[in-house]
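S.K.:
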């Protein structure tokens, strides 16, 4: 019985083995999992290969052409701003330089006339700024006496040490200015706007001279033929300082100096022209020419706004001049106020503060030996 069981197991295992090995999918060597396509190159591929017909070796590429020089670009009438790093899309001075260069190249204008023409064009485009400034100056001159009374009240209160009275005068002055349409902030913004426009073109021309733009060395006129060098006879700096003094005195850009203290008036009337004179002596003639042209335009506006037809056209009221004898010396007025401040008696609050300071010093000082 045991012998039959063993023989039966062997027959069953052999039957299973034959069925597995004889299966067409499992016994096929070309199974998709075992199939690898790999063929190496042989001598037939090398010696019996067909020749390629009409094969032409391409020519080697040409090297890039050199960039044109500055002289070639200038002779072709092309812009040099990019070559000299004078243009940036985010700076206002770059667009001013572009406009000046465009006028110089397209209208064949020398650089001295380009600077003057661009200055005149820019000031005419922004003529609304001096118009508003003159309107404010006319309103301030109309109520000059009332404003002076407020200032005198505040000065008197300061001398007396009465801070409450000073605040009361300030509140009354603010209400009066609001009622009459007087705005110091508006005038300050206009002054800042004029300064920003002036500084933008100033820096634009300064950059031209710094990189020595071609043509500036021969683009001058009369005695300053080289715009890259300072004025050899100092005519431009002196004329610029004089016109600056007259412009400040007339109040074309600042709407009059009555709104400032005597010390500030003195510094603006005489200190600013002296600074302009000393600095413009070191600047190239191109900047001196621009500065003088800008001051002459301001003086022209001052004369133009005195014409009644022009004032009516731009709705500018007539400026009332100060009464005779009211224009004291600014330095004398400042000295009188200084003497009055020295002679005034101290207030009770000042006496208390001084006594408190002395009391603290006495408490912290060391006691001397008997």
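Residue numbers (the UniProt record's numbering): 1 to 370.
We put the beta carbon where it would ideally sit given N, CA and C, even for glycine.
1. How should residue 148 be labelled, buried or exposed, when 16 other C-beta atoms within 10 angstroms of its C-beta is the threshold for buried?
2. Give the DSSP bridge partners of residue 224, in chain order.
3. Using a threshold of 8 Å, state whether the C-beta atoms of residue 102 and residue 227 are closer than that.
4. Going by DSSP in three states, residue 360 sits in which element: helix, strand or coil?
5. Under 8 Å Cβ to Cβ from residue 356, same chain only, skipping five residues before and after it: list those, please.
6. With three or more beta-carbon pairs closer than 8 Å as the criterion, would you say the region 242-249 touches the region 270-287?
7. Here's the rule: buried if 16 or more other CB atoms are within 10 angstroms of the residue's CB, otherwise exposed. What is residue 88?
8. Hey, could you find the ends of the alpha helix (DSSP H) residue 135 is sitting in?
9. Count the other C-beta atoms from every protein chain shown that fall within 10 angstroms of the C-beta of residue 388, then say buried if there are 16 or more, exposed otherwise.
10. For the alpha helix (DSSP H) that residue 167 lies in, which residues bound it at each end?
11. Please list the terminal residues of the continuous alpha helix (DSSP H) segment that includes residue 308.
12. Per DSSP, what kind of secondary structure is residue 201 in: helix, strand or coil?
13. Can you list, in chain order, the residues of its chain with a C-beta nearer than 7 Å to that of residue 281? Leave out the 5 residues immediately preceding and following it.
14. Would the beta-carbon of residue 289 fall within 8 Å of that of residue 197?
15. Can you tell me whether residue 190 is buried or exposed, with buried defined as 16 or more other CB within 10 angstroms of its CB?
16. Please confirm if the region 288-304 is in contact with the region 195-214, defined as three or more CB-CB distances below 8 Å between the two stretches.
17. Taking the C-alpha atoms as reference points, what is the distance between residue 72 and residue 84?
18. Should residue 184 go down as buried or exposed, given a rule of 16 or more other Cβ atoms within 10 Å for buried?
19. Enumerate in chain order the residues of its own chain whose CB-to-CB distance from residue 164 is below 6 Å, with the five nearest sequence positions on each side excluded.
20. State the Cα-Cα distance for the pair residue 137 and residue 167, rounded to the nearest angstrom.
21. If you draw a straight line from the C-alpha of residue 66 to the C-alpha of residue 220, how long is it?
22. For residue 213, does the three-state DSSP call read helix, strand or coil?
23. Mapping DSSP to helix, strand and coil, what is residue 29?
24. Would you please state the rounded distance, in angstroms, between the beta carbons of residue 135 and residue 297? I believe it to be under 8 Å.
25. Between residue 305 and residue 131, what straight-line distance do the alpha-carbon atoms span, to the nearest angstrom?
26. Taking C-beta to C-beta, are residue 222 and residue 249 nearer than 8 Å?
27. My output table needs one value for residue 281: the three-state DSSP class, helix, strand or coil.
28. Residues in its own chain within less than 8 Å of residue 145 by CB, not counting five upstream and five downstream?
M.R.: A quick look at the data gives this:
1. exposed
2. 221
3. no
4. helix
5. none
6. yes
7. exposed
8. 128-142
9. It is not possible to answer for residue 388, since the shown part of the chain is limited to 1 through 370.
10. 163-180
11. 308-313
12. helix
13. 230, 234, 237
14. no
15. buried
16. yes
17. 14 Å
18. exposed
19. none
20. 26 Å
21. 33 Å
22. coil
23. The pLDDT assigned to residue 29 is 47, lower than 50, so where the model puts this residue is not dependable, and the model offers no usable value.
24. In fact, because the Cβ distance is near 19 Å, the residues do not count as touching under 8 Å.
25. 8 Å
26. no
27. coil
28. none
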